[in-house]
Amino acid sequence: MTLINTPRPQWLTFDCYGTLIQWDEGLRAVAERILSEKGEHRVDAGRLIEVYDRHEHRLEQTPPHRSFRELSTLGLQLALEELGLASASEDSQRLAAAIPQMPPFPEVVETLAQLKAKGFKLCIVSNTDDDIIAGNVAQLGGHIDRVITAQQAGAYKPAPRLFDYAHEQLGVSRDQVVHICASPMLDHTAARDMHFRCVWIDRGTGRQLLPDYRPDAILNTLDAVLPLFASLGWS
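Right, here's the structure in full:
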């Protein structure tokens, strides 16, 4: 797929965590603190995150729909128990408190400002709750026009329902949007199945492309969208 000879989008939609916000870095810091406070040295923070992610993503796709706060609490509890560690309410409270404080990547706020100045409307589409993401959005310089969450749509990525809801709320069709994201498993799956344009921000985290899908563009940092869009005549 390619963005060449496609129309300039009215809206840019963004995955939040990992694309705009330093999710991996923040999550590792929380995992390390949880393990340290338990006096646990046998389990690596990376392993705890791997098991937590698996449980959380499974729970997101398991009816009935529940809030991200509830799912993250249960996912962390299940991960700790699977690894033979005791879980406590303080663990999930620490995670929930940490997420809204996770900062943006260094280039993000200025890039969003430049995209706004070029006339793009900016929307976040995220697998989270309104109250959790509010702290992150507050760090983005006031450049975000809309925030659409799984809580609002009653569905989590990669389910089409979340993106359909977002497009309905923005009053656009799929071909009037370009989605910018970091997660192949969640966002690329939706882009593949729904056929909307997609730019992958591959920050070198080791996430792998799907075997049957390639995004329209692959960039290493968000500010690389500026010369990309200029080359397409979208400035």
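Here the sequence shown is numbered in the UniProt record's numbering, starting from 1 and rising by one per residue. A virtual CB, placed ideally from N, CA and C, is assigned to each residue, including glycine.
Three-state secondary structure assigned by DSSP to residue i
| i | result |
| --- | --- |
| residue 252 | The structure shown has nothing for residue 252, since the chain only spans 1 to 235. |
| Ile148 | strand |
Identified DSSP bridge partners for residue i
| i | result |
| --- | --- |
| Trp11 | Lys121, Val177 |
| Pro104 | Ile21 |
| Trp200 | Cys181, Ile218 |
| Ser126 | Thr149 |
Boundaries (first-last residue) of the alpha helix (DSSP H) holding residue i
| i | result |
| --- | --- |
| Ala134 | 130–137 |
| Arg58 | 45–60 |
| Arg161 | 160–170 |
| Asp193 | 189–194 |
| Thr205 | Taken as a continuous stretch (DSSP letters only), Thr205 belongs to no alpha helix (DSSP H), as it is neither H nor E. |
| Ala155 | From DSSP, Ala155 is part of no alpha helix (DSSP H); its letter is neither H nor E. |
C-alpha distance - residue i paired with residue j, whole-angstrom precision
| i | j | result |
| --- | --- | --- |
| Glu168 | Asp216 | 23 Å |
| Leu210 | Leu59 | 21 Å |
| Glu107 | Leu20 | 9 Å |
| Arg47 | Leu76 | 12 Å |
| Asn148 | Ser126 | Just to set this straight, residue 148 is Ile in the shown sequence, not Asn. In a straight line, the C-alpha of Ile148 is about 6 Å away from that of Ser126. |
| Ala155 | Gln93 | 23 Å |
| Ala191 | Leu78 | 30 Å |
| Ile34 | Leu162 | 32 Å |
| Leu83 | Glu25 | 21 Å |
Residue nearest to residue i in terms of C-alpha spacing, selected from the options
| i | options | result |
| --- | --- | --- |
| Ile201 | Gln22, Ala159, Thr6 | Gln22 |
| Gln152 | Ile124, Leu186, Thr2 | Ile124 |
| Leu115 | Ile4, Gln10, Ile132 | Gln10 |
Residue range of the unbroken beta strand (DSSP E) whose run includes residue i
| i | result |
| --- | --- |
| Leu219 | 217–219 |
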